[in-house]
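Novice:
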């Protein structure tokens, strides 16, 4: 590790433009800064912005999207096979004769894209290539790289997102996405033994204006500038190591102005983070807080889960149940309001802030690959906490429980730090009324495959909140997931629990059926610590992810008439079917027999 402490030098003046665009700007405060989400569990409400977006998407986009999707499903059916009539009635109903009449009861699908570094980003890319992901209503991400990249790039196809056809002669622009560019290491672009000093200096120089404006500069800020070079517009392969804006000034709230957001073509994006309890921040050895931390994780299971969306940021948990407009993040009652805090790269950086080991203590961070950056931050911006964001607007909203609402600052870290690496929680908020969740889980568990732990943790956390977050019954042990092959093929949870969302679980838990049949090892079990993928490695990884996503029962399949594409459609409409009090029949009944967890440990 290179140990360098240098004051910023004049050679870094080229970073001033990027620095200026990361600095928040003071503005007048609105009369009401905080929105109460209401009283949990049954009286919480969505923001006006989210409600309007989902309504417009349901009316303007989903009818044609679901009709096209249904056509694809029918075209893939074996000769002589047919779907139950209710599938067509739900996905392609006739339009209402009047706009005053209630719109058809379309499925409300949420996509949960787990964290897990580049492994998770490329696994999500491969899986979503196999799906028509444009039919969802809410995609969520704990490590928000993939979600942020997809949204801010204006919702291209997945191949165009990962490997865009970029003219090499065009300069980098905040209006163009250059691809994941993971052939260059995210953390140490010159390699572990190379000279990364200039790169680190440029990163820290980009934070000068934020510090000068009176805001704390933390390791999360530096990390977000590194993330920006791979998952935000404004970088190309030619200039990834050069001075430039690298997405500075692209605001998460500003993504509302994208053409695909204005036309409601995109599902409604949500990024997650965990709040470190103040007691644990003050005392990393607090016995009460430590007792609620699952071994291998960094924060207690019951820590507040915060979400960032285009309109607002906050938490549905009872300890807060409040939100601030995302474009006013960083504002306080005492010092007024600001805009520009919600850099898209900063949101992605918070959601993937895994540098908070031992709760972000400087001694620990100095031993990580981010150590040289931390030393530069300490040298240039002294007396800065490792990870924190101003919590001023929320300080008066405590409900006597734990965590952020009585603190001057809230420490927000990786959204999977409590053990929920697959971001299901926003999709089980009652106010969203999501009825089907497609959970893409690529958390790093045994041998860098996943083992169902995330679903177990979500179920355990949901049970603590007394009905606030409805969630289906799942196995209580990772051994059950693995031994029953629930992580090596798609599995449905909640099949006979109509009052909770149906979870379609697709795990990166084993090699594809094709590779298993050939006796080949997996290639998608790459450790989270791997921070570089060559283009060839990325393509092979995505091809294998595609195979996992489309194999269905794989070599366990006994009915050639029941294809995975058919069963996915049956699962998508199942809650709408239940609301109509129609029995499962035909191919759909067979699908649920084949893919539902049997409830046995």
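Residue numbers (mature numbering (1 follows the signal peptide of the UniProt record, and there is no 0)): -22 to -1, 1 to 579.
For every residue, glycine included, the Cβ atom is placed at its ideal position computed from N, Cα and C.
For residue 560, which residues from the same chain have a beta carbon less than 8 Å from its beta carbon, with the 5 sequence-adjacent residues on both sides left out?
Specialist: Cβ within range, chain order: 64.
Novice: If you reduce the DSSP assignment to three classes, tell me which class residue 211 lands in.
Specialist: Reduced to three states, the DSSP call for residue 211 is coil.
Novice: Report the residue from 428, 70 and 108 whose alpha carbon sits nearest the alpha carbon of residue 525.
Specialist: The residue with the shortest Cα to Cα distance from residue 525 is 108.
Novice: Is the region 11 to 31 close to the region 292 to 304, with three or more CB pairs under 8 Å?
Specialist: A contact exists between the region 11 to 31 and the region 292 to 304.
Novice: Assess, as a yes-or-no matter, whether the region 197 to 212 is touched by the region 318 to 329 under the definition of 3 or more beta carbon pairs within less than 8 Å.
Specialist: As far as the Cβ criterion goes, the region 318 to 329 touches the region 197 to 212, which means the pair count is three or higher.
Novice: What would DSSP say about residue 578, mapped onto helix, strand or coil?
Specialist: Looking at residue 578 - three-state DSSP - the assignment turns out to be coil, as it is neither helix nor strand.
Novice: What separation, rounded to the nearest whole angstrom, lies between the Cα atoms of residue 220 and residue 404?
Specialist: Looking at the two C-alpha atoms, the distance is approximately 38 Å.
Novice: For my contact list, residue 45 and residue 70 are in at a C-beta cut-off of 8 Å; report their separation, rounded to the angstrom.
Specialist: Sure, about 5 Å apart at Cβ, within 8 Å.
Novice: When you compare only the Cα positions, how much space is there between residue 88 and residue 132?
Specialist: Cα to Cα, residue 88 sits roughly 19 Å from residue 132.
Novice: Output the boundary residues of the beta strand (DSSP E) element that contains residue 128.
Specialist: Looking at the DSSP string, residue 128 is not in any beta strand (DSSP E); the run it does join, the alpha helix (DSSP H), is 123 to 130.
Novice: Please report how far the alpha carbon of residue 465 lies from the alpha carbon of residue 350, in whole angstroms.
Specialist: Straight-line Cα distance between these residues: approximately 39 Å.
Novice: Please report the straight-line C-alpha distance between residue 242 and residue 230, rounded to a whole angstrom.
Specialist: Near 16 Å, if we compare the C-alpha coordinates of residue 230 and residue 242.
Novice: Looking only at its chain, what residues have a beta carbon closer than 8 Å to the beta carbon of residue 420, apart from the 5 residues adjacent to it on each side?
Specialist: Correct list, in chain order: 92, 94, 97, 98, 101, 102, 428, 485, 486 and 502.
Novice: Does the beta carbon of residue 42 come closer than 8 Å to any beta carbon on chain B?
Specialist: No chain B is present in this structure, which holds just one protein chain.
Novice: Measuring alpha carbon to alpha carbon, tell me which residue in 552, 260 and 68 is nearest residue 569.
Specialist: The option with the nearest alpha carbon to residue 569 is 552.
Novice: Would DSSP call residue 559 helix, strand or coil?
Specialist: Coil, per DSSP.
Novice: Considering only the alpha carbon of each residue, which of 355, 579 and 544 lies closest to residue 451?
Specialist: Selected option, being the one with the closest Cα: 579.
Novice: Suppose contacts are defined by Cβ-Cβ distances below 8 Å. Is residue 222 in contact with residue 150 by that definition?
Specialist: Their beta carbons are under 8 Å apart, which means residue 222 touches residue 150 by this criterion.
Novice: In chain order, what residues of the same chain lie with their CB nearer than 8 Å to the CB of residue 577, ignoring the 5 residues before and after it?
Specialist: These residues qualify, in order along the chain: 451.
Novice: Helix, strand or coil for residue 408, going by three-state DSSP, please let me know.
Specialist: Three-state result, residue 408: helix.
Novice: Would you call the CB atoms of residue 168 and residue 177 closer than 8 Å?
Specialist: Yes, they are a contact pair.
Novice: Does the Cβ-Cβ distance between residue 480 and residue 413 come in under 8 Å?
Specialist: In contact: residue 480 and residue 413 (Cβ atoms closer than 8 Å).
Novice: Determine the contact status of residue 565 and residue 61, defining contact as a CB-CB distance below 8 Å.
Specialist: The answer is yes: Cβ separation under 8 Å.
Novice: In this structure, what does DSSP give as the bridge partners for residue 7?
Specialist: Answer is none; residue 7 lacks a bridge partner.
Novice: So residue 208 and residue 158 are supposed to be a Cβ contact under 8 Å. How far apart are they, rounded?
Specialist: Contact holds; Cβ gap of about 6 Å.
Novice: From residue 446 to residue 515, what distance separates their C-alpha atoms?
Specialist: If you take the alpha carbons of residue 446 and residue 515, they lie about 42 Å apart.
Novice: Helix, strand or coil: how does DSSP classify residue 22 here?
Specialist: Residue 22: strand per DSSP, three-state reduction.
Novice: Give the secondary structure of residue 400 by DSSP, where H, G and I count as helix, E and B as strand, and everything else as coil.
Specialist: If DSSP states are grouped into helix, strand and coil, residue 400 belongs with coil.
Novice: Taking a contact to mean a Cβ-Cβ separation below 8 Å, would you say residue 262 touches residue 18 in this structure?
Specialist: Contact: no.
Novice: By a C-beta neighbour count over all protein chains shown, 10 Å radius and 16 as the cutoff for buried, is residue 439 buried or exposed?
Specialist: Residue 439 should be labelled buried.
Novice: Return the chain-ordered list of same chain residues with a C-beta closer than 8 Å to the C-beta of residue 575, the five sequence neighbours on each side being excluded.
Specialist: Cβ within range, chain order: 452, 453, 462, 464, 469, 470, 471 and 473.
Novice: What runs of the beta strand (DSSP E), each 3 residues or longer, lie entirely inside the region 418 to 487?
Specialist: With a minimum length of 3 residues, the continuous beta strand (DSSP E) runs that stay inside the region 418 to 487 are 469 to 471 and 480 to 485.
Novice: Between which residues of its own chain and residue 522 is the CB-CB distance below 8 Å, once the five residues before and five after are set aside?
Specialist: If we look at residue 522 and ignore the five residues flanking it on each side, its Cβ neighbours are 104, 489, 490, 493, 500, 501 and 502.
Novice: Out of 50, 507 and 198, point me to the one whose CA is closest to residue 319's CA.
Specialist: The option with the nearest alpha carbon to residue 319 is 198.
Novice: Please name the residue in 182, 190, 211 and 173 whose C-alpha comes closest to that of residue 129.
Specialist: For residue 129, the nearest C-alpha among the options comes from 211.
Novice: So does residue 73 have its beta carbon nearer than 7 Å to some heavy atom of the ligand FMN?
Specialist: In the structure shown, the ligand FMN is absent, as is every other ligand, since no ligand is present at all.
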